[in-house]
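Student: The structure under discussion is supplied below as structure tokens; questions concerning it will follow.
Protein chains in written order, with my numbering: chain R, 17 to 125; chain U, -3 to 113.
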């Protein structure tokens, strides 16, 4: 069993939709949770970073962490075609950082 | 401030050959991490260098090696290439205040796409 599981998608939604991206993990020692966005032919860029259970909001993006269920989510409100990318979750402790395989998102006009 | 640069961007090699990839971190960043990205396995950690020393290592065979120079630039080498080494190799730099980049924000380069025939 992988330490981090992420649905690969692809996920295709119309512009303006609310998008929900999810990851589950098995290692209860994970303390840090991140979401990266990766455009085609580019490296990943950090979108959200949190280390506690609960919600963290940044503009149209909300990261949610539920440590009791070992489940993290990224919500994108009012999705735009420019949000079309692969989204990677990442989590770790003081020794390592593990990435999910990524979910490909396409937002069509 | 210039971002992380990686050279070359694309590379085609044949089985058994070796390859060297280069990474220049953001100015002032002392930590460089290398990752292999494939569709099936996602982003997998290879190793991290800080102040010219390998500080962390992933679960890859010894054919994968790296080094870091005094100016923080880093190279990774893969010897005796196998078909399964075809991947996007990403380099990420960070300030390096903590190990394994678990709390340090990492800034990724565009990657080197390696194809092994």
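Using N, Cα and C, we set each Cβ at its ideal position, and we do this for glycine too.
1. Nearest to residue 91(R) by alpha carbon, out of 76(R), 113(R) and 39(R)?
2. From which residue to which residue does the beta strand (DSSP E) around residue 125(R) run?
3. Residues of chain R with CB under 9 Å from residue 106(U), in chain order?
4. Taking all protein chains shown into account, do 16 or more other C-beta atoms lie within 10 angstroms of the C-beta of residue 88(R), making it buried, or fewer, making it exposed?
5. Considering Cα atoms alone, identify which of 113(U), 86(U) and 23(U) is closest to residue 71(U).
6. Taking only beta-carbon positions, decide if residue 25(R) is within less than 7 Å of chain U.
7. Quick one: list the residues of chain R neighbouring residue 77(U), beta-carbon separation under 9 Å, in chain order.
8. Run through chain R and tell me which residues come within less than 7 Å of residue 80(U), C-beta to C-beta.
9. Keeping to the same chain, check which residues put their C-beta closer than 6 Å to that of residue 50(U); ignore five residues upstream and five downstream.
10. Which of the three DSSP states is assigned to residue 47(U) in this structure?
11. Does residue 38(U) come out as helix, strand or coil in the three-state DSSP assignment?
12. With 7 Å as the C-beta to C-beta threshold (strictly closer), list the residues of the region 92 to 119 of chain R near chain U in chain order.
13. Rounded to the nearest angstrom, how far is the Cβ of residue 36(U) from that of residue 77(U), given a contact under 8 Å?
14. What residues from chain U crowd round residue 121(R), counting only those whose CB sits closer than 9 Å?
15. Would a check of beta-carbon distances place residue 37(R) closer than 7 Å to chain U?
16. Measuring straight from C-alpha to C-alpha, what distance separates residue 104(U) and residue 109(R)?
17. Would a check of beta-carbon distances place residue 62(R) closer than 7 Å to chain U?
18. Between the C-alpha atoms of residue 55(U) and residue 125(R), what's the straight-line distance to the nearest angstrom?
19. Among the residues of its own chain, which have a CB less than 6 Å from the CB of residue 6(U), if the five just before and after it don't count?
20. Along the chain, which unbroken stretches of the beta strand (DSSP E) at least 3 residues long are found entirely within the region 26 to 97 of chain R?
21. Could you give the first and the last residue of the continuous beta strand (DSSP E) run that contains residue 84(U)?
22. Which chain R residues sit within Cβ distance under 9 Å of residue 65(U)?
23. I need the DSSP call for residue 104(R), collapsed to helix, strand or coil.
24. Measure from the alpha carbon of residue 115(U) to the alpha carbon of each residue in 23(U), 112(U), 46(U) and 21(U), then state which is nearest.
Tutor: Quick look at the numbers:
1. For the residues 76(R), 113(R) and 39(R), the minimum Cα distance to residue 91(R) belongs to 76(R).
2. First-last for residue 125(R): undefined, no H or E at that position.
3. Around residue 106(U), the beta-carbon contacts reaching into chain R at under 9 Å are 57, 58 and 59.
4. Classification of residue 88(R): buried, given that the 10 Å Cβ count is 16 or more.
5. The residue with the shortest Cα to Cα distance from residue 71(U) is 86(U).
6. Output row for residue 25(R): interface = no.
7. Chain R residues near residue 77(U): none, gap ~22 Å exceeds 9 Å.
8. By Cβ distance, chain R contributes nothing, its closest Cβ being about 16 Å from residue 80(U), past 7 Å.
9. Around residue 50(U): 43.
10. In the displayed model, residue 47(U) falls within coil according to three-state DSSP, outside both helix and strand.
11. Strand.
12. Hits within the stretch, in order: 104, 108, 109, 110, 111, 112, 113, 115, 116, 117 and 118.
13. Residue 36(U) to residue 77(U), Cβ: 18 Å. No contact.
14. By Cβ distance, chain U contributes nothing, its closest Cβ being about 16 Å from residue 121(R), past 9 Å.
15. Output row for residue 37(R): interface = no.
16. The straight-line gap from Cα to Cα measures roughly 20 Å.
17. Cβ-Cβ to chain U under 7 Å: yes for residue 62(R).
18. Rounded to the nearest angstrom, the gap between the Cα atoms of residue 55(U) and residue 125(R) is 42 Å.
19. Within the same chain, residue 6(U) has close Cβ partners 109.
20. Listed in chain order, they are 27 to 30, 35 to 41, 48 to 54, 61 to 66, 70 to 74, 77 to 82 and 87 to 92.
21. DSSP places residue 84(U) in the uninterrupted beta strand (DSSP E) bounded by 83 to 90.
22. By Cβ distance, chain R contributes nothing, its closest Cβ being about 21 Å from residue 65(U), past 9 Å.
23. In the structure shown, residue 104(R) falls within a strand segment according to DSSP collapsed to helix, strand and coil.
24. Because residue 115(U) is not part of the residues shown, which for chain U are -3 to 113, the question remains open.
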